[in-house]
Amino acid sequence: MTQSLPLTPATRLLVVIVNYRTPDLTIDTLRSLVPEIQAMPDTRVVVTDNLSSDDSVTKIGGAIAAEGWDSWCTFMPLPKNGGFAYGNNAAIRPALQSEHPPDYVLLLNPDTIVRPRALQVLVQFMDEHPSVGIAGSRLEDPDGTPQRSAFRFHTLLSEIDSGLRLGAVSQLLNRWTVAPPVSDETFQTDWVAGASMIIRREVFDAVGLMDEEYFMYYEEMDFCLQAYRAGWPCWYVPESHVVHLVGQSSGVTNQKQAPKRRPQYWFDSRRRYFVKNHGWLYAAATDAVWASTFALWRLRRVLQQKPDADPPNFLSDFIANSVFLKGADIKPARCS
């Protein structure tokens with residue numbers, strides 16, 4: 637579905653929210669944006685819906701009209717559930733092609749609550765640092781507890797650390813840990829969580845839109861890697877606070893519930909990331925070291941009677957989806 641966006645010469649920021657069967661959360665996110673819109677009237681918001689099979693279209697469309705948000709918010713139901721990148725690109729593409737493209741695009745999850753001045757801080761940071769291409773907010777729990785939201789790229793060494801989970805090895809590989817401890821400092825990082833990520837328009841000019849062959853997961857890391865290779869670094873801006881109700885929109889990474897079996901698209905996204913960006917041999921090496929070190933961790937967990945916090949069937953599912961069995965196939969799975 638193609639829909640024109642109400643962008644004007646004054647539009648500086650476009651906020652994109654992708655909804656999939658979380659209408660109440662999305663409405664709460666929109667409500668939290670109201671003070672930011674009042675402070676930055678040059679902001680427009682687009683909510684896309686990935687063919688939700690519930691009452692999302694009725695609820696969200698009704699809330700936008702009833703609350704009077706239609707002066708700054710556009711609702712865009714889509715013809716299929718194409719995933720996170722697809723849902724974002726559906727709004728970003730016409731905005732960039734419009735007569736008045738925005739200076740910045742902010743990706744915002746539907747399971748977020750924007751704290752006061754969060755968007756203003758990001759825009760100000762980007763204005764003051766024209767060489768920065770991407771920046772991310774500090775994500776936090778409702779009580780203010782910070783979440784890890786600034787990351788390093790996945791590498792062969794990071795996969796050893798991720799699989800083995802041994803203190804001495806983790807210390808040795810500290811520089812390659814994907815999710816370093818939360819910092820209160822503003823700093824350059826490899827990539828930030830797509831739950832609240834602002835992107836300069838020129839980054840899209842340089843690398844294009846997000847890769848829609850990722851259904852979900854790894855797409856924001858891939859995008860940040862393409863931007864980095866094109867000379868656009870990524871920064872973490874903790875002065876911008878956004879509450880993230882982790883896993884509420886996907887149901888996969890909610891750490892407050894018993895772990896669920898990883899969906900097929902998670903494995904497809906991981907395999908795509910390594911094969912696309914590093915080649916089959918490197919992907920094979922990462923698969924081999926992760927599977928072997930994770931098997932050692934599973935053995936140690938049993939011997940030391942440690943709690944099992946991993947998804948069910950994780951190792952067998954990982955092996956079944958490794959490049960050794962799937963080859964260089966990086967076609968994505970889809971979610972119904």
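Our numbering numbers the first residue of the sequence shown as 637 and each following residue consecutively. Beta carbons: idealized from backbone N, C-alpha and C, even for Gly. No experiment lies behind these values; they were computed from the predicted model shown.
Assignment of beta-bridge partners to Ser832 by DSSP yields Leu744.
Taking C-beta atoms as the reference points, Ile696 and Pro659 count as a pair closer than 7 angstroms.
Shown here, Met712 sits in a strand according to DSSP, grouped into three states. Trp916: member of the alpha helix (DSSP H) spanning Trp916 to Leu939, first to last residue. Secondary structure in the region 746-770: the beta strand (DSSP E) runs of 3 residues or longer, each lying completely within the stretch, are 748-750 in chain order. If you ignore the 5 residues before and after Trp871, its C-beta comes within less than 6 angstroms of the C-beta of Val768, Ala771 and Gln824, all in its own chain and listed in chain order. Here DSSP, grouped into helix, strand and coil, assigns Trp827 to strand. Rounded to whole angstroms, the gap between the alpha carbons of Met762 and Leu755 is 11 angstroms. Secondary structure at Ile966: coil, using DSSP grouped into helix, strand and coil.
Contact between the region 852-872 and the region 916-927 is absent: fewer than three C-beta pairs spanning the two stretches fall below 8 angstroms. In this structure, Leu758 sits near Ile834, with a CB-CB distance shorter than 7 angstroms. His877 is classed as buried because its beta carbon has at least 16 other beta carbons within 10 Å across all chains shown.
Separation of Gly963 and Arg936 (C-alpha to C-alpha, rounded to the nearest whole angstrom) is 30 angstroms. CA-to-CA, the gap between Gln674 and Arg680 works out to about 11 angstroms. Looking from the CA of Thr748, the closest CA among Gly830, Lys716 and Leu732 belongs to Gly830. In the pairwise beta carbon analysis, the region 790-803 is classified as not touching the region 835-842: fewer than three pairs are separated by under 8 angstroms. If the five residues before and after Ala920 are omitted, its C-beta is found closer than 7 angstroms to the C-beta atoms of Val959 and Phe960, all from its own chain and listed in chain order.
In the DSSP assignment, Asp685 falls within the unbroken beta strand (DSSP E) covering Thr679 to Asp685. Short of 6 angstroms from the beta carbon of Phe859, and not among the five residues preceding or following it, lie these beta carbons of its own chain, in chain order: Met846.
Contact annotation: Val682 and Pro713 have beta-carbon atoms that are not nearer than 7 angstroms. About 28 angstroms separates the beta carbon of Ser689 from that of Leu775, a gap too long to meet the 8 angstroms contact definition. When C-alpha distances from Ala815 are compared across Leu793, Leu802 and Arg788, the shortest belongs to Arg788. Taking all protein chains shown into account, Gly723 has 16 or more neighbouring C-beta atoms within 10 Å of its C-beta and is therefore buried. Arg897 and Asn949 do touch by the CB rule: their CB atoms are close to 6 angstroms apart, below 8 angstroms. Taking the C-beta atoms as reference points, Val652 is found no nearer than 7 angstroms to Ala721.
For Ala786, same chain residues with a beta-carbon under 6 angstroms away, outside a window of 5 residues either side, are Thr825, Val828 and Tyr872 in chain order.
For Arg774, the pairing in a beta bridge is given by DSSP as His877. For the pair Gly915 and Tyr854, the Cα-to-Cα distance works out to about 16 angstroms. Within the same chain, Ile653, Asn655, Thr658, Leu661, Thr662, Thr665 and Ser885 come within 6 angstroms of Pro746 by CB-CB distance, once the 5 residues on both sides are set aside. DSSP, reduced to helix, strand and coil, places Pro782 within a strand of the structure shown.
Thr710 and Gly719 have their C-alpha atoms spaced approximately 19 angstroms apart.
Of the residues assessed, His880 falls on the buried side of the cut-off, its CB having 16 or more other CB atoms within 10 angstroms. DSSP places Asn724 inside the alpha helix (DSSP H), whose first and last residues are Phe720 to Gln733.
By the beta-carbon neighbour count (other beta carbons within 10 angstroms, threshold 16), Glu856 is buried. In the three-state DSSP reduction, Val843 falls in the helix class (H, G or I).
Take Pro782, set aside five residues on each side of it, and the residues of its chain with a beta-carbon closer than 7 angstroms to its own are Arg774, Glu776 and Val818, in chain order.
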